[in-house]
Amino acid sequence: MKKIAFTAALATTLLLTLNTSFATDMTVEGIVDKANHTAYYQGDDGKAKVTMTITDSQGRDRTRDFVILRKDDGVDDGAQKMYVYFRRPADVNKTAFLVWKQTGQADDRWLYLPALDLVKRIAASDERTSFVGSHFFYEDVSGRSPTEDTHELIEESDQFYVLKSTPKEPQDVEFSYYKNWIHKGTYIPVKTEFFDKAGTSYRTYEALKVETVQGHPTITQSKMTDQNLGGSTLMDYSKVEYDLGLPDEIFSERYLRTAPRQYLR
Amino acid sequence: MQSLSSHASQHSKRWFSVVGFLSLLLLALVALPTLSPTTFPFLNALHIDTDPENMLSETEPVRLFHNEMKKEFGLYDMIVVGVVNETNPQGVFNVETLNDVVQLTDFAKKIGWDENGVRHGVIAADVMAPSTVDNIEQAGVGTVRFEWLMKQPATTQAEALAIAQKAQRIPFLNNTLISDDGKSLALYIPITAKKDSYKIAEMLKAEISTFKGTDTYHITGLPIAQDQFGIEMFKQMAISAPLAMLLIFALMWYFFRHLNLIIAPMVVALVAVIGTMGLLIITGNTVHIMSSMIPIFIMPIAVLDAVHILSDFFDKYPHSKNRTTALREVMKELSKPMLFTSLTTCAGFASLAFTPIPPVQVFGVFIAIGVALAWFLTITLVPAYIMLLPEKSLLGFGMGSTNEAGGVPKLSLMGRGLLRLGGFTFTHAKLILGITLVLSGVAYYGITKIQINDNPVKWFEANHPIRIADQALNKRFAGTYMAYLTFEAVDDNLDVLTPSIIDDFASNVQADLQPLLGSPLSAVEEKLIGFQDDAASDEEWEAWEAALVTLQNVQQQRSTFKRPDVLAYIEGLQAYLLETGLVGKSNTLPDIVKTVHRELFLGEEEAYRIPDTQNAVAQTLLTYQGSHRPQDLWHFVTPDYRKTNLWIQLKSGDNKDMAAVIEAVDGYVEAHPAPTALAHKWFGLTYINVVWQQRMVAGMLDAFVGSFVIVLVMMVFLFRSFWWGLLSMVPLSLTIGLIYGVIGLIGKDYDMPVAVLSALSLGLAVDYAIHFLVRSREIRQRYQNWQMSVKEVFGEPGRAIARNVIVIGIGFTPLLAAPLVPYQTVGIFISAILVIAGAGSLLILPALITLFETTLFKASKEGTS
Chain A
258 MKKIAFTAAL ATTLLLTLNT SFATDMTVEG IVDKANHTAY YQGDDGKAKV
308 TMTITDSQGR DRTRDFVILR KDDGVDDGAQ KMYVYFRRPA DVNKTAFLVW
358 KQTGQADDRW LYLPALDLVK RIAASDERTS FVGSHFFYED VSGRSPTEDT
408 HELIEESDQF YVLKSTPKEP QDVEFSYYKN WIHKGTYIPV KTEFFDKAGT
458 SYRTYEALKV ETVQGHPTIT QSKMTDQNLG GSTLMDYSKV EYDLGLPDEI
508 FSERYLRTAP RQYLR
Chain B
2 MQSLSSHASQ HSKRWFSVVG FLSLLLLALV ALPTLSPTTF PFLNALHIDT
52 DPENMLSETE PVRLFHNEMK KEFGLYDMIV VGVVNETNPQ GVFNVETLND
102 VVQLTDFAKK IGWDENGVRH GVIAADVMAP STVDNIEQAG VGTVRFEWLM
152 KQPATTQAEA LAIAQKAQRI PFLNNTLISD DGKSLALYIP ITAKKDSYKI
202 AEMLKAEIST FKGTDTYHIT GLPIAQDQFG IEMFKQMAIS APLAMLLIFA
252 LMWYFFRHLN LIIAPMVVAL VAVIGTMGLL IITGNTVHIM SSMIPIFIMP
302 IAVLDAVHIL SDFFDKYPHS KNRTTALREV MKELSKPMLF TSLTTCAGFA
352 SLAFTPIPPV QVFGVFIAIG VALAWFLTIT LVPAYIMLLP EKSLLGFGMG
402 STNEAGGVPK LSLMGRGLLR LGGFTFTHAK LILGITLVLS GVAYYGITKI
452 QINDNPVKWF EANHPIRIAD QALNKRFAGT YMAYLTFEAV DDNLDVLTPS
502 IIDDFASNVQ ADLQPLLGSP LSAVEEKLIG FQDDAASDEE WEAWEAALVT
552 LQNVQQQRST FKRPDVLAYI EGLQAYLLET GLVGKSNTLP DIVKTVHREL
602 FLGEEEAYRI PDTQNAVAQT LLTYQGSHRP QDLWHFVTPD YRKTNLWIQL
652 KSGDNKDMAA VIEAVDGYVE AHPAPTALAH KWFGLTYINV VWQQRMVAGM
702 LDAFVGSFVI VLVMMVFLFR SFWWGLLSMV PLSLTIGLIY GVIGLIGKDY
752 DMPVAVLSAL SLGLAVDYAI HFLVRSREIR QRYQNWQMSV KEVFGEPGRA
802 IARNVIVIGI GFTPLLAAPL VPYQTVGIFI SAILVIAGAG SLLILPALIT
852 LFETTLFKAS KEGTS
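From first to last, the protein sequence lines stand for chains A and B.
Counted from 1, the first sequence has number 318 at position 61 by my numbering; the numbering is strictly sequential.
Counted from 1, the second sequence has number 24 at position 23 by my numbering; the numbering is strictly sequential.
Encoded structure:
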């Protein structure tokens, strides 16, 4: 049933629970589900080349090139596996991440460092640590489970649903809530704004480019800006492909050391 | 100028009205823009500046570099909050205190306000506290974990202790965030600008006052010290300076017993101070720590001349009982020495304009202006004032010292003592000179022992909260004085394709690269990516992939501070600095690499090392960047890895200690060549203090030598005789020699106020010599014999000098009550300078004249008018 697309690493997340009595033909739960699906679960599997440009508050740029492979475990927009393979800078070439995303519990993450010949499990106390030094968090890349927040529709325009999502466990996160602008036609979350405890917006995700790939509306450029730290990170996706028939076994510790090169070209 | 005096005395009222009007005008010009800046935007308001950074001009390369590096490494001025608990056996690591600390941290992060659209306050993202820093540790077999050190306030004692243990395991935090004994905490709160520190500190204090625990919170850091200094400076100006004035007033009353009359010198001093400070402010100069001392310097100098006039008038008036006659006589005698003493004092201070320290220049120039003003006011207002007094109010003036018959003066104890002293200088001239020579020897020895040192925190008294905080924290932590040492790669830029680079590539792609020789490497990279995109087979694609990696490896050689050998070099320097005992701790890029490497390898101590290859370093750092605070890395290295920054923590902010560290680093770099060409440079406030001190010492020496020569030339011109000119320099040379000799002997640091004293000595010490010698020559001319002249010289002129020494010497003791050490230093040494210069003039000069009478009077015969 889900023939759909995959948009590579993304920010934002949304999700279900809450219904409001807002005058709309969609339930809040429905909007959140569809947005979550569009952001992270299109197609059975997917691949993208990513060029990440990290610009700091002084305007200094660093780039990282990596390939992301993704495969869903089932059809319920739940568990999925991800393989992130670094190509450049050259000194981190062949470094790889493996993520087994779980719903309802912390993800499993492994890191392979070729120069140290080391595979290490990474346990973060939370998912809100930096993704390889960028302004994106791990959670922005792998997706925040919709069940972690309560959602309400606070605004609806011709083009967008605007949702406000409040964490159920506020002590686990640094934000007090976030707002999500979801495009009505595609269900792509085009903007997410995070608000701190004083109610000030301090972190913004934006989808800058959307292309249709194999029939799936796909974000091909996105940006995370952090007003507290200053600077932003831009992710450019190229060579996006869906439904490649990626074998399950490449998402394993063994394949961290010997990368599945044919899928990474 | 005698005509000036007589004009003033003939038009007394008009003179007073004009001076009074001008003073009020100046006060208004300062008060209006200060109280209401928006109404008078075109006027300069009073602006206090307590930033020691401003000892150097804003365009000074050291400061430009400091600001550039602060920006490049994302560093801010910091408020340090030390949390200490003496009663709990676990120190601050108990549930209650940690909860307070979290509350304070959350509070601090929210401090911020808008000023004209610019945000001021705390840099929340860079606050260092248990709840805002990351911990990296083992989390079960084969697992490494990043977590906030204290995500939630501890709820049990065991949790509290666990936090302490975790923090001590992270070298970056140990001895910086958590004390050496694991019982105290320090929070580091970066702020947008130093001038915001007082406001922020007050907010923090208010929050802390709501805590119920038994902890002590020490708020410190250089910005706090500076803001506090500004407040104490006002106290000093508001209390000490007026108190000094009051005491001078009381002493003058003791000598002259005529309240109305002695108001004159006070008016002169007050108007001179208002005039000088008013001019300083309306011309847009800031009131800096240096310029805040201007009133204290001007007052004694302003009073000095007036005391000479009053003293002379006091002695002369009883003879004629006619003010006009007495005044004319007084001014005839004194106008020349007063002009010259003022000129020499001006020269001494004006010479400070040639130092390379802007606040010292302003200080010197405005004191020179103040002295000139004081001279002008003295020779006009004092006679005018005397004329304004009703004649009958002068009845009895000076009578206390003369008997009814007006014959032989009935002298005071001081007067009798002076006469005996005069005789003694004649009979024991050689003894006096012998003692002088011995003292000179001692002074010379003392001067060789002088230690040049300063420390802005020590400008506060030992029991000041800032000093207490400073001590409490430096006792427990590795040091609160931060200096930054940067290393920059200065090797050749490998940015174009050369034949030797082509040799690095696999043989199957070398031919394709040949046409690109000389192209920038970035262009080569684009080309290779194009080749790869067009690859027909997996093998071909792999070959281009390999070529791209080779190319990047070449480019990565420019990432100097990922090289293990370069990191090991930094590590070696760190170890050496610890050995010297000068440095409490250093935080560096190798420390971060080693810590992460250790945790990647099961947290074992032997893995606390720099990995073997550049790629391994890069991958270790990539791991680190998966933490909550990856941005911390850029406080230690630039993203291109061409520049690194070492945080050096010193337990002492003494310039001499910082200077010793600088020397140690230079020595190490000299003896141990780095694996690649590196250039090192310092920045940070602790370093800047050393730089301005060096400038100050060298500049002061130049200024002193210059003004010494100028004063000597003026003296030769005044006396129309080289020998007399030289003679007049003797007391001041001895005074300065002794003052600095004593400073060397007692181990008092040669610091900012001490350096400035040389100018003050020069200006004041020569005054007594001028008065003494001018009068001596006049009297000797009358008697044609020194032995007979001595008695008269030690009469009125001697008394004037002695009165001056006492009035001003004692008058400045209230400065000892100032809460700031520089003012105390100035107070002690002004008194000492006056006493020594006075004694020198009254002892050595007559002794020298006795011994060299023939030479001196022969030499000056033609020159004397």
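Using N, Cα and C, we set each Cβ at its ideal position, and we do this for glycine too.
Computed from a prediction, not measured in an experiment: that's the story for all the values here.
How would you label Thr-457(A), buried or exposed, when you count the other beta carbons within 10 angstroms and need 16 or more for buried? Against the first sequence, residue 457(A) aligns to sequence position 200. With fewer than 16 other beta carbons inside 10 angstroms of its own, Thr-457(A) counts as exposed.
Quick check on this structure: which residue in Lys-14(B), His-8(B), Ala-848(B) and Leu-857(B) has the alpha carbon closest to the alpha carbon of Leu-438(B)? As a first step, residue 438(B) is located in the second sequence; it is residue number 437 there, counting from the start. If we check each option's Cα against that of Leu-438(B), Ala-848(B) comes out closest.
Which residue marks the beginning of the beta strand (DSSP E) containing Trp-149(B), and which one marks its end? Looking up residue 149(B) in the second sequence gives position 148. Looking at the DSSP string, the run of the beta strand (DSSP E) that includes Trp-149(B) is 144-149.
Sorted by chain position, which residues of the same chain lie with C-beta nearer than 8 Å to Leu-44(B)'s C-beta, five sequence neighbours on each side aside? Residue mapping note: residue 44(B) aligns to position 43 of the second sequence, counting from 1. Within the same chain, Cβ atoms closer than 8 Å to the Cβ of Leu-44(B) are found at Leu-30, Leu-33, Pro-34 and Ile-283, the five residues on either side in sequence being excluded.
May I have a chain-ordered list of the beta strand (DSSP E) segments no shorter than 3 residues that lie completely inside the region 153-199 of chain B? Runs found: 186-192.
Could you tell me which chain A residues have their CB closer than 8 Å to the CB of Ala-619(B), listed as they occur along the chain? By one-based count along the second sequence, residue 619(B) stands at place 618. Result: Pro-346, Asp-348, Val-349 and Ala-372.
Kindly examine the ligand ATP and report whether one of its heavy atoms sits closer than 7 Å to the Cβ of Val-691(B). What this structure holds is no ligand at all, so the ligand ATP is not there to describe.
Nearest to Glu-510(A) (by Cα), restricted to the options Leu-326(A), Val-332(A), Val-376(A) and Asn-293(A): Counting from one through the first sequence, the residue named residue 510(A) turns up at place 253. Restricting attention to Leu-326(A), Val-332(A), Val-376(A) and Asn-293(A), the CA atom closest to the CA of Glu-510(A) is found in Val-376(A).
Can you find a C-beta in chain B that's less than 8 Å from the C-beta of Thr-386(A)? As a first step, residue 386(A) is located in the first sequence; it is residue number 129 there, counting from the start. Interface residue, yes.
Skipping 5 residues on each side, what residues in its chain have a beta carbon closer than 7 Å to that of Leu-252(A)? Missing from the structure shown is residue 252(A); chain A here goes from 258 to 522 and no further.
Chain-ordered chain B contacts of Asn-485(A) [CB-CB under 7 Å]: What you label residue 485(A) is simply residue 228 of the first sequence in a count that begins at 1. The contacting residues are Ala-125 and Ala-126.
Given a limit of 7 Å on CB to CB distance, which residues of the region 465-494 of chain A reach chain B? The residues in question are Asn-485 and Leu-486.
Contact list for the region 68-99 of chain B against chain A, Cβ threshold 8 Å: Listed by position, the residues of the region 68-99 of chain B near chain A (Cβ gap below 8 Å) are Lys-72, Glu-73 and Gly-75.
Return the first residue and the last residue of the alpha helix (DSSP H) that Arg-643(B) is part of. Numbered from 1 along the second sequence, position 642 holds the residue referred to as residue 643(B). Unbroken run through Arg-643(B): none, as it is neither H nor E.
Under three-state DSSP, which class holds Glu-54(B)? Mapped onto the second sequence, residue 54(B) falls at position 53. Helix.
Taking only beta-carbon atoms, is Asp-313(A) less than 8 Å away from chain B? Reading the first sequence from its first residue, position 56 is the one you call residue 313(A). True, the Cβ-Cβ gap to chain B drops below 8 Å.
Counting only Cβ pairs nearer than 8 Å, list the residues of chain B close to Lys-358(A). As a first step, residue 358(A) must be located in the first sequence, where it is residue number 101. Listed along chain B is no residue with a C-beta nearer than 8 Å to that of Lys-358(A); the closest approach is about 16 Å.
Which same chain residues end up closer than 6 Å to Gln-556(B) when comparing Cβ atoms and leaving out the 5 residues on each side of it in sequence? As a first step, residue 556(B) is located in the second sequence; it is residue number 555 there, counting from the start. So the list reads Leu-522, once near-sequence residues are dropped.
Does chain A have any CB closer than 8 Å to the CB of Ser-520(B)? Translated into the one-based positions of the second sequence, residue 520(B) becomes position 519. Answer no: the Cβ-Cβ gap between Ser-520(B) and chain A never drops below 8 Å.
What's the call for Asp-316(B), buried or exposed, on a 16-neighbour Cβ count within 10 Å? In the second sequence, counting from the first residue as 1, residue 316(B) sits at position 315. Buried, because 16 or more other Cβ atoms sit within 10 Å of the Cβ of Asp-316(B).
Identified DSSP bridge partners for Tyr-369(A): Counted from its first residue, the first sequence places residue 369(A) at position 112. Its beta-bridge partners are Ala-353(A) and Val-376(A).
Can you tell me the Cα-Cα spacing of Thr-403(B) and Leu-389(B), whole angstroms? On the second sequence, residue 403(B) is found 402 positions in, with the first residue counted as 1. On the second sequence, residue 389(B) is found 388 positions in, with the first residue counted as 1. The pLDDT assigned to Thr-403(B) is 44, lower than 50, so where the model puts this residue is not dependable; a value taken from the coordinates is nonetheless given after this. Between Thr-403(B) and Leu-389(B), the C-alpha separation is close to 25 Å.
Looking only at its chain, what residues have a beta carbon closer than 6 Å to the beta carbon of Ser-352(B), apart from the 5 residues adjacent to it on each side? In the second sequence, the residue the question calls residue 352(B) occupies position 351. These residues qualify, in order along the chain: Ala-704, Gly-707 and Ser-708.
At 7 Å on the CB atoms, spell out the chain A contacts of Ala-479(B), in chain order. Sequence index remark: in the second sequence, residue 479(B) carries index 478 (1-based). Ordered by position in chain A, no residue passes the 7 Å Cβ test against Ala-479(B), which lies about 27 Å from the chain.
Which chain A residues are close to Leu-247(B), counting only those with a beta carbon under 9 Å from its beta carbon? To locate residue 247(B), count along the second sequence from 1; it is residue 246. Neighbours of Leu-247(B) across chain A, judged by C-beta separation under 9 Å, do not exist; the nearest C-beta is about 53 Å away.
Kindly indicate the opening and closing residues of the beta strand (DSSP E) around Arg-539(A). Limits of chain A in this structure are 258 at one end and 522 at the other, which puts residue 539(A) out of reach.
Going by DSSP in three states, Arg-15(B) sits in which element: helix, strand or coil? Locating residue 15(B) in the second sequence gives position 14, where the first residue counts as 1. The three-state secondary structure of Arg-15(B), taken from DSSP, is helix.
Inter-residue spacing [alpha-carbon to alpha-carbon] between Val-794(B) and Asn-464(B): The residue you call residue 794(B) lines up with position 793 of the second sequence. The residue you call residue 464(B) lines up with position 463 of the second sequence. About 48 Å.
Residue burial classification, Val-458(B) (beta-carbon count within 10 angstroms, cutoff 16): One-based indexing of the second sequence puts residue 458(B) at position 457. Counting the other CB atoms within 10 Å of its CB gives Val-458(B) a total of 16 or more, which places it among the buried residues.
For Phe-508(A), which residues does DSSP report across the bridge? Counting from 1 along the first sequence, the entry for residue 508(A) is found at position 251. According to DSSP, residue pairing for Phe-508(A) in a beta bridge does not occur.
In or out: Asp-329(A) buried (at least 16 other Cβ within 10 Å) or exposed? For this step, residue 329(A) is matched to residue 72 along the first sequence. It is buried - the Cβ of Asp-329(A) has at least 16 other Cβ atoms within 10 Å.
Looking at the unbroken alpha helix (DSSP H) that takes in Trp-376(B), where does it start and where does it end? Taking the second sequence and counting its residues from 1, one reaches residue 376(B) at position 375. Counted as a single uninterrupted DSSP element, the alpha helix (DSSP H) harbouring Trp-376(B) occupies residues 359-389.
For the region 433-511 of chain B, which segments carrying the alpha helix (DSSP H) assignment without a break, of at least 4 residues, lie completely within its bounds, in sequence order? As far as the region 433-511 of chain B is concerned, its whole alpha helix (DSSP H) runs of at least 4 residues are 466-477 and 500-505.
Specify the secondary structure class of Gly-331(A) as computed by DSSP and reduced to three states. Start at 1 with the first residue of the first sequence, and residue 331(A) comes out as number 74. In the structure shown, the three-state DSSP call for Gly-331(A) is coil.
Just checking: is the beta-carbon of Val-379(A) within a distance shorter than 8 Å of some beta-carbon in chain B? Sequence index remark: in the first sequence, residue 379(A) carries index 122 (1-based). The question names Val, yet the displayed sequence has Ile at residue 379(A). Cβ-Cβ to chain B under 8 Å: yes for Ile-379(A).
How would you label Lys-14(B), buried or exposed, when you count the other beta carbons within 10 angstroms and need 16 or more for buried? Counting from 1 along the second sequence, the entry for residue 14(B) is found at position 13. Looking at its Cβ environment, which holds fewer than 16 other Cβ atoms inside 10 Å, Lys-14(B) is exposed.
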